[in-house]
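Colleague:
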Amino acid sequence: MAVCLDRKTAPVPTAVMRITLTNFRNYEKLHLKVTEQPIVLTGTNGIGKTNLIEAVSFLTPGRGLRRARLSEIARHGTSSWSIAATVMTPAGPVEVGTGLECATYCPHW
Ligand SMILES: Nc1ncnc2c1ncn2[C@@H]1O[C@H](COP(=O)(O)OP(=O)(O)OP(=O)(O)O)[C@@H](O)[C@H]1O
Ligand SMILES: [Mg+2]
1 MAVCLDRKTA PVPTAVMRIT LTNFRNYEKL HLKVTEQPIV LTGTNGIGKT NLIEAVSFLT
61 PGRGLRRARL SEIARHGTSS WSIAATVMTP AGPVEVGTGL ECATYCPHW
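Using full-length UniProt numbering, the first residue of the sequence shown is number 1, and each one after it goes up by one.
Following this line, the structure appears as structure tokens:
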């Protein structure tokens with residue numbers, strides 16, 4: 001389904017249905033499929049709960065909930081990262097994503 005993503009007219013997402021993280025913070029790879037129901041994240045300190053919420057926050061414009069530098073986001077030992085998600089909107093599901101590819105233009109963080 002093709003949906004216009006112009007900021008003024010884009011349908012407002014109401015839920016995240018799927019999220020895939022690659023080399024994001026402590027996640028080498030995470031595939032998470034959920035429903036539109038509310039979710040409770042539980043886990044020991046430092047397991048990655050806030051990192052997951054931070055990833056969701058990167059699906060909207062801005063620096064994310066931690067206002068992190070780009071160099072802090074890639075999993076330690078890596079330089080490129082990505083977030084891909086399916087969000088539900090009143091116009092139906094929409095695929096969105098963001099990330100940083102450092103192979104050629106940011107060798108020295
Ligand atoms: N760029 C990174 N690469 C690898 N690991 C990272 C990176 N940034 C943060 N981390 C790791 O993420 C972990 C913290 O994750 P997070 O803050 O999401 O935990 P949490 O589950 O919310 O913990 P708490 O219950 O204390 O709030 C730490 O172990 C930290 O070392
Ligand atoms: Mg936390």
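In this text, a Cβ means the ideal position worked out from N, Cα and C, and glycines have one as well.
Do residue 67 and residue 25 come within 9 Å of each other at the CB atom, strictly closer than that value?
Modeller: Not closer than 9 Å, so no.
Colleague: Can you give me the Cβ contacts of residue 8 inside the same chain, cut-off strictly under 7 Å, excluding the 5 residues immediately before and after it?
Modeller: Once the five neighbours on either side are set aside, residue 8 has no close Cβ partner at all.
Colleague: Quick check on this structure: which residue in 83, 51, 56 has the alpha carbon closest to the alpha carbon of residue 14?
Modeller: Nearest of 83, 51, 56 to residue 14, Cα basis: 56.
Colleague: Quick check: residue 111 and residue 101, are their CB atoms within less than 9 Å of each other?
Modeller: Here the chain has residues from 1 to 109 only, and residue 111 is not among them.
Colleague: Apart from the five residues just before and just after residue 19, which ones in its own chain have a Cβ nearer than 6 Å to its Cβ?
Modeller: For residue 19, where only same-chain residues beyond five positions count, the Cβ hits under 6 Å are 32, 85.
Colleague: Answer yes or no: do residue 12 and residue 90 have a C-beta to C-beta separation smaller than 9 Å?
Modeller: Contact: yes.
Colleague: Does DSSP classify residue 36 as helix, strand or coil?
Modeller: It is coil, neither helix nor strand.
Colleague: Specify which residues have a beta carbon nearer than 7 Å to any heavy atom of ligand 2, listing them in chain order.
Modeller: The filter returns 49, 50, in chain order.
Colleague: Compute the Euclidean distance between the alpha carbons of residue 1 and residue 93, then round it to the nearest angstrom.
Modeller: With a pLDDT of 48 at residue 1, under the threshold of 50, the modelled position of that residue is not reliable, and the figure given next carries that caveat. For residue 1 and residue 93, the distance between alpha carbons rounds to 8 Å.
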